[in-house]
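K.L.:
Supplied in structure tokens, the structure appears directly below.
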Ligand code: IPM
Ligand code: MN
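Below you can see the structure in the form of structure tokens.
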């Protein structure tokens, strides 16, 4: 049998990041064996500890080295001794921007056996995907201070939107909605009634691109209304496409609907040929749980499933996704840290066993 090669860089990161990334790597190795994928994993120790030791977040040559991999699996970043923002900007956002990972893909799927805070809603009701633009908006770091530290201080933070940036994201979302082939509805979430320049560009671009996809129903929600509908009628949504900042906010809301941070995963995708994409569990580094074997690896394993799906191994990705649902549906007591009925490593073993 011809074996196709998949090279994955694993950045465990901080706190419980390495533990959950380790379980995801375990599952990747197992499914690669079953599916005949020649998998190469390499660990990188980037994160808070290394930064405190060396003063560097990404050492010289790191990005060039990472560029030689097909994909990156990230555990978590966030260190109690490093001020907030330093690692986020220096590692996570740095990679999103450097590798032009312009799609932030967040599947919002309630797995069997997983509790949702929504009354009377089940796996059939909570099953949609958020496509978040991942390189523009308020995340560009464009802004400045005037008269800093004085009573007359001015702070400006500029949202940047480009035609190219929103068009490539919107087009990818239409394609994805078509391929997903469920409700065939793409909802643009924005705030056109207030952001009359930036979101007017998004709105016009959405209308233009929609013409190329007559089989997909174009739909629109203001972001505030979307938050209400997502809680009241999550079953309405199929695919949502939205701007970077709004996408950040609504995917945390969506994450809790699907059972919380132990379950939610995301992909930072550069869909161009040769693009390097990065997959991550949405939960943080949860420092207080470090080494307790209590943290839930399902989100990280789910990120590994996405990695396979979007790196040319959809069958292997689907196999992992199915195994996850067997484990949440028939084994785990809860998705909350320390309440799973199993340790982190045991949950990883259960998923391997269900492959
Ligand atoms: C996310 C996170 C990041 C973001 C932070 C850690 C910079 O919240 O991936 O949603 O805001 O994008
Ligand atoms: Mn976020």
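Numbering (our numbering), first residue to last: 196 to 550. The beta carbon of each residue, even a glycine, is placed where N, CA and C say it ideally should be.
1) Enumerate in chain order the residues of its own chain whose CB-to-CB distance from residue 396 is below 7 Å, with the five nearest sequence positions on each side excluded.
2) Relative to the C-alpha of residue 490, which candidate in 517, 348 and 457 has its C-alpha closest?
3) Based on Cα-Cα distance, which residue from 531, 384 and 318 lies nearest to residue 439?
4) What's the gap between the Cα of residue 282 and the Cα of residue 532?
5) Which residues bound the beta strand (DSSP E) around residue 540?
6) Residues bridged to residue 302 by DSSP?
7) Spatial neighbours of residue 417 within its chain, please: C-beta separation below 6 Å, excluding the five flanking residues on both sides.
8) With a threshold of 6 Å, establish whether the CB of residue 443 neighbours any heavy atom of the ligand IPM.
9) In chain order, what are the residue ranges of uninterrupted alpha helix (DSSP H) at least 4 long that sit wholly in the stretch 248–295?
10) Is residue 283 near the ligand IPM, with its Cβ less than 6 Å from a heavy atom?
11) Output the distance between the C-alpha atoms of residue 199 and residue 542, rounded to the nearest integer angstrom.
12) Specify whether the stretch 407–427 and the stretch 363–377 touch according to this definition: at least 3 beta carbon pairs, one from each stretch, less than 8 Å apart.
13) Let me confirm a value: residue 235 is counted as buried when at least 16 other C-beta atoms fall within 10 Å, else exposed. Which label applies?
14) Report the partner residues of residue 237 according to the DSSP bridge assignment.
15) From residue 252 to residue 497, what does the alpha carbon distance come to, in whole angstroms?
16) With residue 212 and residue 271 assumed to form a contact (beta carbons below 8 Å), what rounded beta-carbon distance in angstroms separates them?
17) With distances taken between CB atoms, is the gap from residue 365 to residue 303 smaller than 7 Å?
18) Could you have a look at residue 455 and say whether DSSP puts it in helix, strand or coil?
P.N.:
In terms of the structure at hand:
1) To locate residue 396, count along the chain shown from 1; it is residue 201. Same-chain partners within the cutoff: 356, 358 and 361.
2) Position 295 of the chain shown, counting from 1, holds the residue named residue 490. Measuring from the Cα of residue 490, the nearest candidate turns out to be 457.
3) Within the chain shown, the letter at position 244 stands for residue 439. Checking every option, the nearest Cα to that of residue 439 belongs to 384.
4) Indexing the chain shown from 1 puts residue 282 at position 87. Indexing the chain shown from 1 puts residue 532 at position 337. C-alpha separation (whole angstroms): 24 Å.
5) In the chain shown, residue 540 corresponds to position 345, counting from 1. Taken as a continuous stretch (DSSP letters only), residue 540 belongs to no beta strand (DSSP E), being part of the alpha helix (DSSP H) at 539–549.
6) What you label residue 302 is simply residue 107 of the chain shown in a count that begins at 1. Paired residues: 324.
7) As a working mapping, residue 417 is identified with position 222 in the chain shown. Same-chain partners within the cutoff: 386.
8) As a first step, residue 443 must be located in the chain shown, where it is residue number 248. Relative to the ligand IPM, the beta carbon of residue 443 is positioned inside 6 Å of a heavy atom.
9) Inside the stretch 248–295, DSSP marks whole alpha helix (DSSP H) runs of 4 or more residues at positions 257–261 and 289–293, from first to last along the chain.
10) If you number the chain shown from 1, residue 283 lands on position 88. Indeed, a heavy atom of the ligand IPM lies less than 6 Å from the Cβ.
11) If you number the chain shown from 1, residue 199 lands on position 4. If you number the chain shown from 1, residue 542 lands on position 347. Spanning the two alpha carbons is a distance of roughly 28 Å.
12) With the cut-off at 8 Å, the stretch 407–427 and the stretch 363–377 touch.
13) By 1-based counting over the chain shown, the position of residue 235 is 40. With fewer than 16 other Cβ atoms within 10 Å, it is exposed.
14) Start at 1 with the first residue of the chain shown, and residue 237 comes out as number 42. Answer is 204, bridged to residue 237.
15) Stepping through the chain shown from its first residue, residue 252 is reached at position 57. Stepping through the chain shown from its first residue, residue 497 is reached at position 302. One C-alpha to the other measures close to 26 Å.
16) Position 17 of the chain shown, counting from 1, holds the residue named residue 212. Position 76 of the chain shown, counting from 1, holds the residue named residue 271. 3 Å between Cβ atoms; contact.
17) Translated into the one-based positions of the chain shown, residue 365 becomes position 170. Translated into the one-based positions of the chain shown, residue 303 becomes position 108. No, the pair does not count as a contact, with Cβ atoms beyond the cut-off.
18) Locating residue 455 in the chain shown gives position 260, counting from the first residue. It is coil, neither helix nor strand.
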